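Student: Residue numbers (this note's numbering): 180 to 349.
Even glycine gets a Cβ: it sits at the ideal position worked out from N, Cα and C.
Remember, it's a predicted structure, so these values are computed and weren't measured experimentally.
What follows is a single structure, and I will ask about it in a moment.
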C-alpha cells in the first residue's frame, strides 16, 4: 500500500492506494484516520492514481466540479457500507440530502424494510474516501450540519464552496 500527502484549504490530506486504485483519502486528525489500513504504507508521490487525484482535488478546491467517475476508486467495507458510499456519489454537487432520506434509498437498494439514520451515519463516518465520495453532503433532517468525521468546520467549508461555485455558474 502506498501513501501521498497534499495540503488543501481544509488541512493536510493523506491519500492511500494499492498502486492502481484510490483506497483512502483522509483529512488530518479526522475520526477513523487510516481506519482499516492494516499494512505498512510506503511514500510514493509519483503514482498515476495520486497524480490524478491531486489534480481532481485542485480542481475541486478551485471551485470546479470534477467528476468522481474520472478516478479509479475502491472503498472497502461491508455490503451495507459500500452501498451507502455508492449512493453518496449520486448526491449532486452543491446539493444535500438527509440521513433519513439516504436511509430510505439504501433500504430499497438492499431490499430491506428500513435503514435507520443512525446506521447510515455510522457507515458514512467510516467513508474511507472523504470529499470525493461526498459524505459532507448529508445533513440532519432539520437542516443542521451534523456528523462529519473530518469536523463540522470542514463540512461547512465544503458545502459553502460547492454552493458558492454552483451559484456563480448559474
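#1: Taking the alpha carbon of residue 241 as the point to measure from, which residue in 302, 295, 317 and 188 has its own alpha carbon closest?
#2: In whole angstroms, what is the alpha-carbon distance linking residue 239 and residue 255?
#3: How is residue 182 classed by DSSP in three states: helix, strand or coil?
#4: Looking at the strands, I want to know which residues DSSP matches up with residue 222.
#5: Spatial neighbours of residue 229 within its chain, please: C-beta separation below 7 Å, excluding the five flanking residues on both sides.
#6: Could you check where the beta strand (DSSP E) with residue 321 kicks off and where it finishes?
#7: Alpha carbon to alpha carbon, how far is residue 226 from residue 298? Give it in angstroms, no decimals.
#8: So what's residue 287 in DSSP terms, helix, strand or just coil?
#9: Could you round the C-beta distance between residue 319 and residue 277 to whole angstroms and report it? I think they count as a contact, below 8 Å.
#10: With DSSP as the reference, label residue 202 as helix, strand or coil.
#11: Kindly indicate which three-state DSSP category residue 300 falls into: helix, strand or coil?
#12: Assign residue 275 to one of three DSSP states: helix, strand, or coil.
#13: Following the continuous alpha helix (DSSP H) through residue 233, name the residue where it begins and the one where it ends.
#14: Ordered along the chain, which non-local residues of its own chain (more than five positions away) have a Cβ less than 7 Å from that of residue 262?
Tutor: Looking at the atomic coordinates:
#1: The shortest C-alpha separation from residue 241 is found at 188.
#2: 24 Å
#3: strand
#4: 182
#5: Contacts found: 183, 194 and 196.
#6: Taken as a continuous stretch (DSSP letters only), residue 321 belongs to no beta strand (DSSP E), as it is neither H nor E.
#7: 35 Å
#8: helix
#9: 7 Å
#10: strand
#11: Correct three-state label for residue 300: helix.
#12: coil
#13: 227 to 240
#14: 285, 288 and 289
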